[in-house]
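Student: Quick one: the structure is below, questions incoming.
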Amino acid sequence: MRQKRRIGKSGSKNKAAKTVHFKTYKDLPFCAMSLSSTLTNKTGVWRTLTPVVKEVLCTSCLLCWKFCPEPCIIMVDGIPVIDFDYCKGCGICAEVCVTKAIVMEEEKS
Ligand code: SF4
Ligand code: SF4
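Numbering follows numbering that gives the first Met the number 0, in which position 104 of the sequence shown is assigned residue number 103; successive positions increment by one, without gaps.
This is the structure in structure tokens:
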């Protein structure tokens, strides 16, 4: 996928600003971010919120599966099942769920 990155001050009339094209993620500049799969790193014990799925409200629309950034949601018979070894508790799945079939609750230790 082709990605664009704008270089220069936002909103300025800086003529030195230019657009750089990256053909693949391999062309991205080196940074502190890990390029490996998030599934190589377990969450550990720092998660404070945990998603809870209410199956009766789920319409199997796949939005949570699509937007989970980890990705740690597996669809089983049309119902999302969350792999808590990797879930970071970010709440995106609950935010995108139109029917509110996912709610975030405090992590139980
Ligand atoms: S976003 Fe909500 S309704 Fe859609 S699959 Fe996920 S839990 Fe079910
Ligand atoms: S809370 Fe975040 S990491 Fe966990 S399943 Fe939902 S979207 Fe994925």
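Glycine included, every Cβ here is placed at the ideal spot set by N, Cα and C.
(1) Give me the residue from Gly77, Asp84 and Trp64 with the minimum Cα distance to Glu94.
(2) Can you give me the C-alpha to C-alpha distance between Glu104 and Cys89, rounded to a whole angstrom?
(3) When you compare each of Ser108, Thr58 and Thr47 to Val75 by their alpha carbons, which one comes out closest?
(4) Would you check if the distance between the CB atom of Ile81 and the CB atom of Cys71 is smaller than 8 Å?
(5) Could you tell me which of Val51, His20, Thr23 and Lys87 sits nearest to Ala100, measuring between CA atoms?
Tutor: Once the coordinates are examined:
(1) On the sequence shown, position 95 is the one that residue 94 refers to. The candidate whose alpha carbon is nearest that of Glu94 is Trp64.
(2) Locating residue 104 in the sequence shown gives position 105, counting from the first residue. Locating residue 89 in the sequence shown gives position 90, counting from the first residue. Answer to the nearest angstrom: the Cα atoms are 11 Å apart.
(3) Your numbering for residue 75 matches position 76 in the sequence shown. Measuring from the Cα of Val75, the nearest candidate turns out to be Thr58.
(4) Along the sequence shown, one-based indexing puts residue 81 at 82. Along the sequence shown, one-based indexing puts residue 71 at 72. Less than 8 Å divides the Cβ of Ile81 from the Cβ of Cys71.
(5) Your numbering for residue 100 matches position 101 in the sequence shown. Out of Val51, His20, Thr23 and Lys87, Val51 has the C-alpha closest to the C-alpha of Ala100.
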